[in-house]
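Report on the following structure.
Numbering (our numbering), first residue to last: 11 to 477.
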């Protein structure tokens, strides 16, 4: 048996890991899109490093684009097996993949106008809406804690990873050569004490673990509750400076957390009376899906539901749908709060809002989650004073702030907590994925202190034979 790491290997996006059995059975864990890696991003998304036609099964941990965003292309290139995931993940993947397909098509059309003028060959979209629809035909729902056999020798089980709606850790049991091997893929591990979701669940002893390591060198520590941090930024920007708060936020997960926190401020009677906009049709759809799955809420959210039927809505909130409405926000000089995707500010409407407000010192750009270091959000969070947006250079006069504790990724304490159900001596090897190399090296030391002796940090396309 062997594992090959085709993405999220010494970086944080493009999650793809292949397990190949000696009999040839091939299982793909996630099929995510690379993001924020500069000029190489497009090429990395166009070339898998493996033949999709030879993949038999795909198990999807959750519906973030860096984990599911290349599924339509995988299908377009010949994959025809089942795609296993939880019910909420399928609901979210449907809207994410369809939205992504529109973006791929629009980007190709935009580029081709310029290429045609220069006599350059035209580009094809990474995938189309038809490809996304074909991929959805292959999805198969598997509930948490259900042992599901995909072959006579391979079964798996999902446990709640606490990262976003429907997120799961994947636990495989594989019978081969008269022995049984247990492999756990963490997916993305959430927080213990998340605003909305239940904490990550314990799992049975594994022989091999693929563990995400996004924040393997970080402790999420902000002063006070998240809603108080939000309140301080909004009051300082909208009431004192009379400016706008622009919040890049992922449509799935982060946007709903922001709305829940703002709603909590309204229930306390302290929410500043300014307009609040969610400028992302995808975020609107995702919020409706979250509302349709109350079974994933933690006890705190269920308690709020007893006094407030809509914990994601409040007075002054408006979801922006049309492009014309979005553009109109740039001409409105009134103080307001704009929540818009994408979370890394690499694409989507938020990039336009940042471009149009970055020179104004009254503006606050509030980062509330992970951003790839080379992405626009990553550069802003680092404090760079000159950034390029749509090919033009802009000086950063706006104030840039962060609420790091809003991350849906666990910090190193959370990751160690996730592993606390394991006997380190029984784990033959632990592979760190979904993290920057320097972060993984730091986290590797902490894992060794906990007794995990053999820790690997695989590189892109590295193949490792298991014992």
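Glycine included, C-beta positions come from ideal geometry on N, C-alpha and C. These figures come from a predicted structure and were not determined experimentally.
Just to confirm the assignment: which complete beta strand (DSSP E) runs, minimum length 3, are found wholly within the segment 373-459? Unbroken beta strand (DSSP E) stretches of 3 residues or longer found wholly inside the segment 373-459: 374-377, 396-399, 402-405, 409-412 and 439-443, given in chain order.
- Item | At least 3 beta-carbon pairs within less than 8 Å: the segment 116-132 vs the segment 79-99 | By the Cβ rule, the segment 116-132 does not count as touching the segment 79-99, because fewer than three pairs are nearer than 8 Å.
**Message:** To the nearest angstrom, how far is the alpha carbon of residue 326 from that of residue 451?
**Reply:** Taking the straight line joining both Cα atoms gives about 46 Å.
Legend entry - Reduced DSSP category for residue 51 - H, G, I as helix; E, B as strand; rest coil: Residue 51 falls in the helix class under three-state DSSP.
> For residue 430, does the count of other Cβ atoms within 10 angstroms reach 16, so buried, or fall short, so exposed?
Replying inline: Burial call: exposed.
Residues that residue 121 bridges to, as DSSP identifies them: DSSP links residue 121 through a beta bridge to no other residue.
What span of residues does the beta strand (DSSP E) with residue 77 cover, start to end?
Per DSSP, residue 77 is not a residue of any beta strand (DSSP E); the alpha helix (DSSP H) it occupies stretches across 75-78.
Q.
Tell me which residues share the same chain as residue 240 and place their Cβ nearer than 6 Å to its Cβ, disregarding the 5 neighbours each side in the sequence.
A. Exclusion of the five residues before and after residue 240 leaves 271 as the residues of its chain whose Cβ lies within less than 6 Å of its Cβ.
Check: What residues match up with residue 193 in a beta bridge as DSSP calls it?
Finding: Paired residue(s): 182 and 218.
Does residue 266 come out as helix, strand or coil in the three-state DSSP assignment? The answer is helix: DSSP assigns residue 266 an H, G or I state.
* Determine, using beta carbons only, whether residue 407 and residue 371 come nearer to each other than 8 Å. => Between residue 407 and residue 371, the C-beta spacing is below 8 Å.
**Request:** Measure the alpha-carbon distance for residue 37 versus residue 477 and round it to whole angstroms.
**Result:** Taking the straight line joining both Cα atoms gives about 18 Å.
field: Beta-carbon proximity check, residue 295 vs residue 467, cutoff 8 Å
entry: No, Cβ-Cβ distance for residue 295 and residue 467 is not below 8 Å.
Practice task
Apply the 10 Å Cβ neighbour rule to residue 13 and answer buried if 16 or more other Cβ atoms are within range, or exposed otherwise.
Solution key: So residue 13 ends up on the buried side.
Helix, strand or coil: which one does DSSP assign to residue 18? Reduced to three states, the DSSP call for residue 18 is coil.
Report task. Using the Cα positions of residue 363 and residue 336, report the straight-line distance between them to the nearest angstrom. Result -> Distance between the alpha carbons of residue 363 and residue 336: 9 Å.
(request) For the beta strand (DSSP E) containing residue 128, list its first residue and its last residue. (result) Per DSSP, residue 128 lies in no beta strand (DSSP E) and is assigned neither H nor E.
* Thinking just about the alpha-carbon of each residue, which of 113, 186, 322 and 212 is nearest to the one in residue 142? -> Looking at 113, 186, 322 and 212, the one whose alpha-carbon comes closest to that of residue 142 is 113.
Exercise for the section: Using the Cα positions of residue 471 and residue 65, report the straight-line distance between them to the nearest angstrom. Expected result: The straight-line gap from Cα to Cα measures roughly 15 Å.
Mapping the DSSP letters down to three states, classify residue 114 as helix, strand or coil. DSSP places residue 114 in helix when its eight states are reduced to three.
**Q.** Per-residue burial, residue 188 [other beta carbons within 10 Å of its own, 16 or more giving buried]
**A.** Label assigned to residue 188: exposed.
*Rank 299, 318, 412 and 301 by C-alpha distance to the C-alpha of residue 274 and give the top, closest one.*
Comparing Cα positions, the closest option is 318.
Distance CB(residue 70)-CB(residue 77) smaller than 8 Å: A distance below 8 Å separates the beta carbons of residue 70 and residue 77.
Which two residues bound the contiguous alpha helix (DSSP H) that contains residue 159? Residue range 158-161 is occupied by the beta strand (DSSP E) that includes residue 159, with no alpha helix (DSSP H) assigned at that position.
**Asked** Who are the near neighbours of residue 84 in its chain, counting only those whose CB is closer than 6 Å to its CB and skipping five residues on each side?
**Response** The residues are 41 and 62.
Apply the 10 Å Cβ neighbour rule to residue 369 and answer buried if 16 or more other Cβ atoms are within range, or exposed otherwise. Taking every protein chain shown into account, the CB of residue 369 has fewer than 16 other CB atoms within 10 angstroms, so this residue is exposed.
Exercise. So what's residue 233 in DSSP terms, helix, strand or just coil?
Worked result: With a pLDDT of 48 at residue 233, under the threshold of 50, the modelled position of this residue cannot be trusted; read the value that follows with caution. Coil.
Requested in this report: Can you say whether residue 21 is buried or exposed, counting buried as having 16 or more other CB atoms within 10 angstroms of its CB?
Outcome: Result: buried.
Quiz item: Exposed or buried, what is residue 177 when buried is set at 16 or more other beta-carbons lying within 10 Å of its beta-carbon?
Solution: Per the 10 Å Cβ criterion, buried.
**Asked** Are the segment 235-253 and the segment 296-313 touching, with three or more C-beta to C-beta distances below 8 Å?
**Response** Counting Cβ pairs under 8 Å, fewer than three are found: no touch.
| field | Exposure label - residue 306; buried when at least 16 CB within 10 Å | value | Under this definition residue 306 is a buried residue.
Let me know the secondary structure DSSP gives residue 258 once reduced to three states. Residue state for residue 258 is assigned as strand, using DSSP reduced to three classes.
(message) Taking contact to mean 3 or more Cβ pairs, one atom from each stretch, closer than 8 Å, check whether the segment 411-418 and the segment 374-382 are in contact.
(response) As far as the Cβ criterion goes, the segment 411-418 touches the segment 374-382, which means the pair count is three or higher.
Rounded straight-line distance, which links the Cα of residue 15 to that of residue 473:
When rounded, the separation of the alpha-carbon atoms in residue 473 and residue 15 is 7 Å.
- Message: Under 8 Å: do the segment 388-401 and the segment 434-450 share three or more Cβ pairs, one atom per stretch?
- Response: No: fewer than three Cβ pairs fall under 8 Å.
query: Under 8 Å, do residue 226 and residue 380 count as touching if we go by C-beta distance?
result: Going by C-beta atoms, residue 226 is not nearer than 8 Å to residue 380.
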